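Residue numbers (the numbering used here): 1 to 629.
These notes concern the structure reproduced below.
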């Protein structure tokens, strides 16, 4: 096995200099694209004695940055030892890992997990460092291998120091708007996508968050000098390990999205013996809490190619009231005069149409009654649960959410986590977690600038439930709050944005549907894919993504920002030697007879053809490409 790209430069006793950091070891990715360099800091200074840097060829991605943990007292019996002043290190044998695994669903039918790895131990410390070098990015984590001990991690000294003049796409919380700015005096959520002065793009992510606290990035003084901060201390038993700290690197933003499988690769394999019961699909929200109209919603779902109807907040009473009881439907006319919902009858009816029923449950009920609710919902025939307003971030609540997903799997329930939860790849281990929010979606009616930033920021970390609306438009009478983008932009978004569970028509109802021909795309569009090819994109400017369904059909979504543009897209992803029928759904002229003014046209294409796409401001275009032979 060829491991020529791995070079270890030091082990044993090291003579340190006081003038500059001394290189201890380095590891390169299998294809030689990226290097992780481990350094001993100047011992005359303050801070961590251990540093690292990340390089791509001759370009610096991450400048020397600190690595270390801060332990608090161990039950009054002494302190765990963080990485001390470097006097001796031990380097493990180098491993080249190269496997392919197939998920029950995904953006790809299979993922390649290829990296070089080493571990660095410090004989005077309770901590070791594990580093993986992928061609797509660098990942490292702290490991505490001692057994049967209690430890308290007060925080990390982990830094990500980017070159001066680096710009970042910053958001203060998961559902905030991404703002492009310099990296100083800020606190930002992950992922953080950056634009380096050397032309590279890098993204900092977190993967494999299970028994730990969530991390964010903070910059106080010098621009580009970022420190990881935890949402809480971590108190746990050993052996233990931190989440992976990930730095993805790419020449173009499209490469970042193309390579986002690194987050799944850094999680444990599927823990379920069988995943046959897990069914991705499309859902519509039922808002009337009425048996008759709920059945009509089921009929609409069946006719329009949807897979689920969803009962949102209110079906069991006001979600913020502790007295509300999610074990029963709220039919008290004094509390809820419009609710005459016979939920069990709707579930029975839905099953005759092969439609599943999803229920929203607020964290108050989940925290209090989860062990009662999950077996009850299974007995009712419920397909899944959307967790609402769960507490996130602290060590306690990270553990709680992970345990809730695991317990839901034990009862055959799908899960969608809403509000401030953001993914770190847990769906690989527990694929019943189909999707999550942690995103500023259509409930907030964001503009096209935001939508064209999301593929290269939030969607790097995993699926996002955007809750699409189609008819909630100003021209249809929604004056105060309405969709900010063109109908073709909205139509293309579920192709650009990945989510195995896609909520369509979020603020719409079956009565809004007027037979618009372009909605045939949403009827036939799947939510999981055999292959994904990110064609092109610019953060906050435009995005174009092609995805292949299990049938062999291709779907392409292209969206632009508020300024509009003309693009030329090349059909290199199609198989050579075949003809295809391309159906295009584009924003058309006002003279079109439909309310939404979406033009539907067809043409014959082959691999390598170049298609010119002219997009209106806040516009988009969606394609369906079918083999003809």
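Just so it is clear, CB atoms sit at the ideal spot from N, CA and C, and this is done for glycine as well.
Owing to the predicted nature of the structure, the values given are computational and were not obtained by experimental measurement.
Of all alpha-carbon atoms in 577, 281, 323, the one lying nearest the alpha-carbon of residue 528 is that of 281. Annotation note: the segment 279-329 contains the following uninterrupted alpha helix (DSSP H) runs of length 4 or greater, listed N- to C-terminal: 291-303.
Inside the segment 181-207, DSSP marks whole beta strand (DSSP E) runs of 3 or more residues at positions 186-188, 192-195, 201-207, from first to last along the chain. Under the three-state reduction of DSSP output, residue 404 falls in the helix class. Within the same chain, 441, 442, 443, 503, 506 come within 6 Å of residue 467 by CB-CB distance, once the 5 residues on both sides are set aside. In the three-state scheme derived from DSSP, where H, G and I count as helix and E and B as strand, residue 524 is classed as helix. Between residue 341 and residue 333, the alpha-carbon positions lie close to 12 Å from each other. Residue 394 and residue 176 have their C-alpha atoms some 20 Å from each other. Per the Cβ contact rule, the segment 53-66 is in contact with the segment 23-38 (3 or more Cβ pairs under 8 Å). Rounded to whole angstroms, the separation of the alpha carbons of residue 320 and residue 416 is 19 Å. Around the C-beta of residue 386, 16 or more other C-beta atoms lie within 10 Å, and the residue is accordingly described as buried. Around the beta carbon of residue 628, a 10 Å sphere encloses fewer than 16 other beta carbons of the protein chains shown; the residue is thus reported as exposed. In the structure shown, the three-state DSSP call for residue 363 is helix. For residue 581, the three-state secondary structure derived from DSSP is strand.
A direct Cα-to-Cα measurement between residue 546 and residue 535 gives close to 7 Å. One Cα belongs to residue 554, the other to residue 583, and the distance between them is close to 11 Å. Between the segment 488-500 and the segment 585-598 there are three or more C-beta pairs closer than 8 Å, enough to call the two in contact.
Listed as beta-bridge partners of residue 497 by DSSP are no residues whatsoever.
Judged by DSSP in its simplified three-state form, residue 33 adopts coil rather than helix or strand. Between the segment 219-239 and the segment 177-192, the count of Cβ pairs shorter than 8 Å is three or higher; the stretches touch. Sequence-distant partners of residue 478 (beyond 5 residues in either direction) whose C-beta falls short of 7 Å from its own C-beta, in its chain, are 472. With respect to residue 560, residue 452 sits close: the two C-beta atoms are nearer than 8 Å. Here the alpha carbon of residue 307 sits roughly 16 Å from the alpha carbon of residue 360. Using a Cβ distance threshold of 8 Å, residue 600 and residue 517 count as a contacting pair. Excluding the 5 residues flanking it on each side, residue 429 has same chain C-beta neighbours closer than 8 Å at 267, 268, 269, 270, 271, in chain order. By the Cβ-count criterion, residue 249 is buried, with 16 or more other Cβ atoms from all chains shown falling within 10 Å of its own Cβ. By the beta-carbon neighbour count (other beta carbons within 10 angstroms, threshold 16), residue 616 is buried. Judged by DSSP in its simplified three-state form, residue 597 adopts coil rather than helix or strand. The beta carbon of residue 328 sits closer than 7 Å to the beta carbons of 316 from its chain, once the five residues preceding and following it are set aside; these are given in chain order. Within the same chain, and ignoring the five residues on either side of residue 349 in sequence, the residues whose Cβ sits closer than 7 Å to its Cβ are 295, 298. Between residue 445 and the set 426, 481, 476, 439, the nearest pair of CA atoms involves 481.
The C-alpha of residue 145 is placed about 14 Å away from the C-alpha of residue 211. Residue burial is scored here from C-beta neighbours: residue 63 has at least 16 other C-beta atoms within 10 angstroms and is therefore classed as buried. Residue pairing by DSSP places residue 435 opposite 416 in a beta bridge. A Cβ-Cβ distance of about 5 Å is found for the pair residue 70 and residue 154, placing them in contact under the 8 Å criterion.
The beta carbons of residue 414 and residue 278 sit closer together than 8 Å.
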